[in-house]
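Here the structure comes first, spelled out in structure tokens, and everything after it is commentary.
Now the structure itself:
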């Protein structure tokens, strides 16, 4: 049975340490971890991403579905760990599918759990620092069960006094920030070396960190 990811996100409008301290005071926070993530987004209709969590690569498949809530994002997502050698095979797949360019995004992530939900803060993202809360449920879950989960997440957002982006606002923020992104043009001439260089730099900095 497929799993659907439900998430809300919005801008982080205060100092990171102040926000973390407020979270600890107002919510049940656990499982704190710190990571550097890099994601390679092929541009176009294909949504097969390469994501690095520190130095471990994953292949990520996403299929976004319509949500009744304008602020919620619901998507079927599957991610599997792969080897570095397999990363380059995915890049070859982009080439076979005529993907011409990709966006490379590297952010500093602070992950923790609030009650039963995964919460993360993204620092250094192209759209600015932002927060994200998410969970997964079975695709065949009852509507009332999905609504209960959504309401619990909205209660946490309200308790923490957070501003939530609608999906349209999030798309617009992404559109407006494109000039800040590192865009890698794929070509037969350079054999993807620009992208490989970004991957190598990420792995070096993650190991040093």
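In the numbering used here, the protein residues as written are -5 to 203. Cβ coordinates follow ideal geometry from the N, Cα and C atoms, glycine included. From a predicted model like this one, the values you see are computed outputs, not experimental measurements.
query	result
contact_flag[the stretch 123 to 131, the stretch 77 to 86] where n(CB pairs < 8 angstroms) is 3 or more	no
Reduced DSSP category for residue 76 - H, G, I as helix; E, B as strand; rest coil	coil
Where residue 1 falls: helix, strand or coil (DSSP)	strand
Residue 131 versus residue 139: straight-line alpha-carbon distance, rounded	9 angstroms
Sufficient close CB pairs (3 or more, under 8 angstroms) joining the stretch 107 to 116 to the stretch 143 to 159	yes
Residue 189, DSSP secondary structure in three states	helix
Contacting residues, own chain, Cβ-Cβ under 6 angstroms from residue 31 (five flanking each side not counted)	47, 101 and 103
First through last residue of the alpha helix (DSSP H) which encompasses residue 166	161 to 170
Residue 107 beta carbon less than 8 angstroms from that of residue 25	yes
Of the listed residues 74, 164, 196 and 97, nearest to residue 1 (C-alpha basis)	164
Residues near residue 50 in its chain [Cβ-Cβ closer than 7 angstroms; skip 5 each side]	75
Under 8 angstroms between C-beta atoms of residue 71 and residue 54	yes
Residue 93 (DSSP reduced to helix, strand or coil)	coil
Cα-Cα separation, residue 73 to residue 128	15 angstroms
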